[in-house]
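So the sequence lines, in the order shown, correspond to chains A and B. Residues 3 to 118, numbered by the working numbering, are exactly what the first sequence covers, in order. Residues 3 to 117, numbered by the working numbering, are exactly what the second sequence covers, in order. Notes follow once the structure below has been shown.
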Amino acid sequence: AQKITQTQPGMFVQEKEAVTLDCTYDTSDPSYGLFWYKQPSSGEMIFLIYQGSYDQQNATEGRYSLNFQKARKSANLVISASQLGDSAMYFCAMREAMDSNYQLIWGAGTKLIIKP
Amino acid sequence: DAGVIQSPRHEVTEMGQEVTLRCKPISGHNSLFWYRQTMMRGLELLIYFNNNVPIDDSGMPEDRFSAKMPNASFSTLKIQPSEPRDSAVYFCASSSGDIHNSPLHFGNGTRLTVT
């Protein structure tokens, strides 16, 4: 079974609109972390935001926020006031705090295109 | 503060040649990862170092691949001999502190083309 599911292979959004990128995860570990990365066409992987499973509040970083719904096992990324530079692939990833488990489990990604 | 530095950015080589990819992690980071990214397989973890020691190399595809971390500020990934199916983008990433909640910081990657 997929541990990280990103159901939107691609999205088109009008500039200045808010964007929600979906991510659902599957784990039996009570302690885990969720990460979002951005990969523009230039290729680099850019860390955006982190949410810990025990965090009481949703993580926010500038225009990025994470809509963390633990019971639903979802960790959607919200980008407010989208910009042309937000066009990129976005990856959701999870790390479980099992003993010696250090691997990031990656989703397949969502390609976001911002239209002017 | 400088990020993770990888070199070269692009490498084109012929099948059978040796390829060496280099990485300088962020100063103070004690974990280093080598990843490979292809369209078909996405991001694959090749090897993970902690405090310069290889912890898990189960993702290294074959004996043709080897990685070293002689000190805290330098790591190499070597492919010898290279094959066309090794063509991919290779990323190095580092992180610090608690491995479970620390984000990985990636370098810009090396795009390898083996002809």
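Backbone N, C-alpha and C fix where the C-beta goes; we use that ideal spot for every residue, glycine too.
Going by alpha carbons, who is nearest to residue i out of the options?
i, options, result
"B:A4", "B:D59, B:E85, B:S29", "B:S29"
"B:R66", "B:N32, B:P83, B:V91", "B:P83"
"B:N103", "A:C94, A:S30, A:D88, A:Q53", "A:Q53"
"B:R87", "B:P56, B:V55, B:Q39, B:H107", "B:Q39"
"A:I51", "A:S44, A:S89, A:Q105, A:R65", "A:R65"
"A:S89", "A:K117, A:G35, A:S55, A:Y34", "A:K117"
"A:C94", "A:L68, A:G87, A:L86, A:S84", "A:L68"
Between residue i and residue j, what straight-line distance do the alpha-carbon atoms span, to the nearest angstrom?
i, j, result
"A:G109", "B:Y37", "15 Å"
"A:T22", "A:L79", "6 Å"
"B:V116", "A:E17", "39 Å"
"B:M71", "A:G12", "38 Å"
"A:M96", "B:V6", "21 Å"
"B:H12", "A:F49", "22 Å"
"B:C94", "B:N110", "8 Å"
"A:Q59", "B:M17", "52 Å"
"B:I57", "A:Y104", "10 Å"
"B:P27", "A:A77", "29 Å"
"A:G111", "A:S43", "13 Å"
"B:E20", "B:R43", "23 Å"
"A:F70", "A:C25", "10 Å"
"B:I2", "A:A83", "Nothing in the structure corresponds to residue 2 of chain B, since chain B is present only between 3 and 117."
Taking DSSP as the reference, what is the three-state secondary structure of residue i?
i, result
"A:R74", "coil"
"B:R11", "coil"
"A:G87", "helix"
"A:P32", "coil"
"A:R65", "coil"
"B:P2", "Any property of residue 2 of chain B remains undetermined from this structure, which presents chain B solely from 3 to 117."
"B:P2", "Residue 2 of chain B lies beyond the stretch modelled for chain B, which goes from 3 to 117, so this question has no answer here."
"B:I49", "strand"
"B:H107", "strand"
"B:N73", "strand"
"A:I51", "strand"
"B:E16", "coil"
"B:R28", "Correcting the residue identity first, residue 28 of chain B is Ile in this sequence and not Arg. Reduced to three states, the DSSP call for B:I28 is coil."
Measure the Cβ-Cβ separation of residue i and residue j and say whether it is below 7 Å.
i, j, result
"A:M91", "A:Q10", "no"
"B:H31", "B:S77", "no"
"A:Y27", "A:K72", "no"
"B:S33", "B:N52", "yes"
"A:F14", "B:P105", "no"
"B:L79", "B:G61", "no"
Since residue i and residue j should fall inside the 8 Å C-beta cutoff, what is the C-beta to C-beta distance between them, to a whole number of angstroms?
i, j, result
"A:I81", "A:A20", "7 Å"
"A:D57", "A:A99", "With 8 Å as the limit, A:D57 and A:A99 do not qualify as a contact, their Cβ atoms being about 13 Å apart."
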